[in-house]
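Line order of the protein sequences matches chains A and B. First residue of the first sequence? That's 1 in this note's numbering, and the numbers climb one at a time after it. First residue of the second sequence? That's 85 in this note's numbering, and the numbers climb one at a time after it. Report on the structure given below.
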Amino acid sequence: MMATIYFVVMGLGVILCLLRMLKGPTAPDRAVALDTAVTVTVALLVLIGLVLRRRIYLDVSLVYAVLTFIGSVAIARYLEGGIE
Amino acid sequence: MIWGWWVTGFGVIFLFLGSLGVYRMPDVYNRLQAGTKCTTLGAFCTIIGVGIIEPSWFWTTFIIAVFVLLTNPISSHALGRASCVSKVKLCKKTKVDQSKGFCGEKDKEDDNS
Numbered sequence: 001m002m003a004t005i006y007f008v009v010m011g012l013g014v015i016l017c018l019l020r021m022l023k024g025p026t027a028p029d030r031a032v033a034l035d036t037a038v039t040v041t042v043a044l045l046v047l048i049g050l051v052l053r054r055r056i057y058l059d060v061s062l063v064y065a066v067l068t069f070i071g072s073v074a075i076a077r078y079l080e081g082g083i084e
Numbered sequence: 085m086i087w088g089w090w091v092t093g094f095g096v097i098f099l100f101l102g103s104l105g106v107y108r109m110p111d112v113y114n115r116l117q118a119g120t121k122c123t124t125l126g127a128f129c130t131i132i133g134v135g136i137i138e139p140s141w142f143w144t145t146f147i148i149a150v151f152v153l154l155t156n157p158i159s160s161h162a163l164g165r166a167s168c169v170s171k172v173k174l175c176k177k178t179k180v181d182q183s184k185g186f187c188g189e190k191d192k193e194d195d196n197s
């Protein structure tokens, strides 16, 4: 019961980030919205693993966090124009 | 452990408020601040709360929470610096701008872009 409320609230957060990603005037706006949406999704994956009683979701969440960190730093380097 | 649900709920409220700040704030830098600080605390509390609910999962969730706590400010700093270098405008209500000279060698070039 509590977990359903948590899922709805976090889903609303992800939808707000996606709306900003559609509306955002510049490219760094979209990158910031993507970063926020991914952090919400990492917490959501851990909570899904608690509800479904599958421990593999913790590993999925950790790998997703690592890959997104690398991708976010790569997007930042690209926006600086500094990939030599 | 029933009070793990309270810790998780605290984190979920912070995650939602961070996303609302990303949607509502007027500027890239304000959005970056709202979307990073609230989201770091929210994700930390949510993941640690799941570890409190299920005590045999505690150390794995602790590793994920510490990783989020370490890498989220780093990526936020990189994005903020990138938007400063690529000359994204501040919003019109800004009173003080101290970013002169912090944005790399690109400031010495012409300001046509």
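Using N, Cα and C, we set each Cβ at its ideal position, and we do this for glycine too.
Check: Are the region 176-184 of chain B and the region 126-142 of chain B in contact at 8 Å, needing three or more beta carbon pairs?
Finding: no
Next item on the list: Just the C-alpha distance for glycine 135/B and lysine 184/B, rounded to the nearest angstrom, thanks.
Entry: On the second sequence, residue 135/B is found 51 positions in, with the first residue counted as 1. On the second sequence, residue 184/B is found 100 positions in, with the first residue counted as 1. If I take the Cα positions, the gap works out to 45 Å.
Next item on the list: Can you check the region 104-139 of chain B for any alpha helix (DSSP H) of at least 4 residues that lies completely inside it and give the ranges in chain order?
Entry: 112-137
Next item on the list: Identify the contact partners of asparagine 114/B in chain A, using a Cβ-Cβ distance below 9 Å as the criterion.
Entry: Taking the second sequence and counting its residues from 1, the one referred to as residue 114/B is at position 30. Within chain A, no residue comes near asparagine 114/B; the closest Cβ sits about 10 Å away, beyond 9 Å.
Notebook entry, point to check: Taking the alpha-carbon positions, what's the methionine 109/B to tyrosine 57/A distance?
Noted result: One-based indexing of the second sequence puts residue 109/B at position 25. One-based indexing of the first sequence puts residue 57/A at position 57. Each residue's alpha carbon lies about 33 Å from the other.
Next item on the list: Name, please, each residue of chain A whose Cβ falls closer than 9 Å to the Cβ of phenylalanine 100/B.
Entry: On the second sequence, position 16 is the one that residue 100/B refers to. Val9, Met10, Leu12, Gly13, Leu16, Val40, listed in chain order.
Next item on the list: Quick one: which residues of the region 144-176 of chain B get their C-beta closer than 8 Å to a C-beta of chain C? List them in chain order.
Entry: Reference to chain C is not applicable here, since the protein chains of this structure are A and B.
Check: How many Å lie between serine 197/B and valine 169/B at the Cα?
Finding: By one-based count along the second sequence, residue 197/B stands at place 113. By one-based count along the second sequence, residue 169/B stands at place 85. Low confidence applies to serine 197/B: its pLDDT is 46, below 50, so where it sits in the model is not reliable enough to give any reading.
Checklist line | Nearest-angstrom beta carbon gap, valine 14/A and valine 46/A [assumed within contact, 8 Å] | finding: As a position in the first sequence, residue 46/A is number 46, starting the count at 1. As a position in the first sequence, residue 14/A is number 14, starting the count at 1. Not confirmed; about 15 Å, so no contact.
Item checked: Beta-carbon proximity check, alanine 65/A vs valine 152/B, cutoff 8 Å -> Here residue 65/A refers to the residue found at position 65 when the first sequence is read from its first residue. Here residue 152/B refers to the residue found at position 68 when the second sequence is read from its first residue. Yes, Cβ-Cβ distance for alanine 65/A and valine 152/B is below 8 Å.
Notebook entry, point to check: Given a limit of 7 Å on CB to CB distance, which residues of the region 64-75 of chain A reach chain B?
Noted result: Within the region 64-75 of chain A, the qualifying residues are Ala65, Phe69, Ser72, Val73.
Next item on the list: Classify glycine 70/A as helix, strand or coil using the three-state DSSP reduction.
Entry: Mapped onto the first sequence, residue 70/A falls at position 70. A quick correction: the sequence has isoleucine, not glycine, at residue 70/A. Helix.
Notebook entry, point to check: Is the shortest distance between the beta-carbon of leucine 62/A and the beta-carbons of chain B less than 8 Å?
Noted result: The residue labelled residue 62/A in the question sits at position 62 within the first sequence. For leucine 62/A, the answer is yes, since a Cβ of chain B falls inside 8 Å of its Cβ.
Next item on the list: At 7 Å on the CB atoms, spell out the chain A contacts of leucine 104/B, in chain order.
Entry: Counted from its first residue, the second sequence places residue 104/B at position 20. Think of a sphere of 7 Å around the beta carbon of leucine 104/B: the chain A residues whose beta carbon falls inside it are Leu16, in chain order.
Next item on the list: Note down, in chain order, every chain A residue with its Cβ under 7 Å from the Cβ of tryptophan 87/B.
Entry: To locate residue 87/B, count along the second sequence from 1; it is residue 3. By Cβ distance, chain A contributes nothing, its closest Cβ being about 12 Å from tryptophan 87/B, past 7 Å.
Next item on the list: Taking C-beta pairs closer than 9 Å, name the residues in chain B that tyrosine 57/A reaches, listed in chain order.
Entry: Position 57 of the first sequence holds residue 57/A. Here the premise fails: no neighbours, minimum Cβ distance about 10 Å.
Check: Do you know how far the Cα of threonine 4/A is from the Cα of leucine 99/B?
Finding: Position 15 of the second sequence, counting from 1, holds the residue named residue 99/B. Position 4 of the first sequence, counting from 1, holds the residue named residue 4/A. A direct Cα-Cα distance of roughly 16 Å separates leucine 99/B from threonine 4/A.
Check: Between methionine 2/A and tryptophan 141/B, is the Cβ-Cβ spacing less than 8 Å?
Finding: On the first sequence, position 2 is the one that residue 2/A refers to. On the second sequence, position 57 is the one that residue 141/B refers to. No; because the gap between Cβ atoms is not below 8 Å, this pair is not in contact.
Item checked: Residues that methionine 2/A contacts on chain B, provided the C-beta gap is smaller than 9 Å -> Residue 2/A sits at position 2 when you count from the first residue of the first sequence. The answer, in chain order, is Trp89, Thr92, Gly93.
Notebook entry, point to check: Is it the case that the Cβ atoms of alanine 76/A and alanine 162/B are separated by a distance below 8 Å?
Noted result: Taking the first residue of the first sequence as position 1, residue 76/A is located at position 76. Taking the first residue of the second sequence as position 1, residue 162/B is located at position 78. In contact: alanine 76/A and alanine 162/B (Cβ atoms closer than 8 Å).
Check: By Cβ distance, which residues of its chain are closer than 6 Å to leucine 101/B, with the 5 residues on each side in sequence left out?
Finding: Your numbering for residue 101/B matches position 17 in the second sequence. Counting only Cβ-Cβ distances below 6 Å, and skipping sequence neighbours, we find Cys122.
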